[in-house]
Amino acid sequence: MRFITKHHNNICNLLDDFNNAFTPLMAFVLLALNVLILWDFGMIILLRTKLSTEVIHTHVYIFGVAGLIVFGQGAIAAWAGEQLAEEGTRTTKICYQLLNSLPSNMSSQTKIHVEKQLRLLLEQSKSHKVRVHAGGFFQVNFGILGSIASTVTTYFIVTVQFLLKTNNNTCKQD
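Structure representation (structure tokens):
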């Protein structure tokens, strides 16, 4: 049990070091993800309104695929963060299950020792949450995908409304 507790602590410390080292990078990457997806949508809309039909199809496909690739990279990062969080929660559940299923035929000294080690690991897993985060600004998990999608959708709707209003004003002037 000491071996498991020691390695759990080492993994948590490595994750803390990772979070501390890559906080600015992760914040920048997720900001860039939002910007790139918005830029891709903006280019699709711009191309749709300004260029001939033959040129539009090629560019729309290129920017559409680029947007999907960028969003896919964010989804992979979110999935990895979600999996780490689930493993941390699973460790806590396993400790509770092991504590509740200690065999009664163990010697009292051994049982006390195993129970003490399990409680130590349980306390460690409850107090040290396994999470990938960007300096406390946000956690990298599936929730960040919802945030990105809502930001992109909001700006996309505003852009479309602005373009529709601009097109209606242009049509009225003709």
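Using my numbering, read the sequence shown as starting at 5 and increasing by one per residue. Built from N, CA and C at the ideal position, the CB exists for glycine as well. Computed from a prediction, not measured in an experiment: that's the story for all the values here.
For residue i, the residue or residues it bridges with in DSSP
| i | result |
| --- | --- |
| Q143 | H137 |
Between the CA atoms of residue j and residue i - distance to the nearest angstrom
| i | j | result |
| --- | --- | --- |
| F160 | A153 | 10 Å |
| E86 | N24 | 18 Å |
| F166 | G46 | 12 Å |
| K115 | E91 | 26 Å |
| P107 | G147 | 41 Å |
| T27 | D21 | 10 Å |
| F75 | E127 | 37 Å |
| M5 | G139 | 31 Å |
| D44 | V164 | 14 Å |
| K10 | L88 | 18 Å |
| I73 | L168 | 28 Å |
| Q113 | K97 | 24 Å |
| N109 | T155 | 59 Å |
Limits of the unbroken alpha helix (DSSP H) element including residue i
| i | result |
| --- | --- |
| L124 | 112-131 |
Within 9 Å, strictly: CB atoms of residue i and residue j
| i | j | result |
| --- | --- | --- |
| L40 | V144 | no |
| C99 | R123 | yes |
| I15 | L125 | no |
| N13 | H132 | yes |
| V149 | A79 | Position check: residue 149 holds Leu in this sequence, whereas Val was assumed. Closer than 9 Å, so yes. |
| A31 | F141 | yes |
| S151 | T95 | no |
Below-9 Å beta-carbon distance, residue i vs any chain C residue
| i | result |
| --- | --- |
| I49 | Here there is only one protein chain, and chain C is not present. |
3-residue-minimum beta strand (DSSP E) runs that sit fully inside the stretch 25-102, ordered along the chain: none
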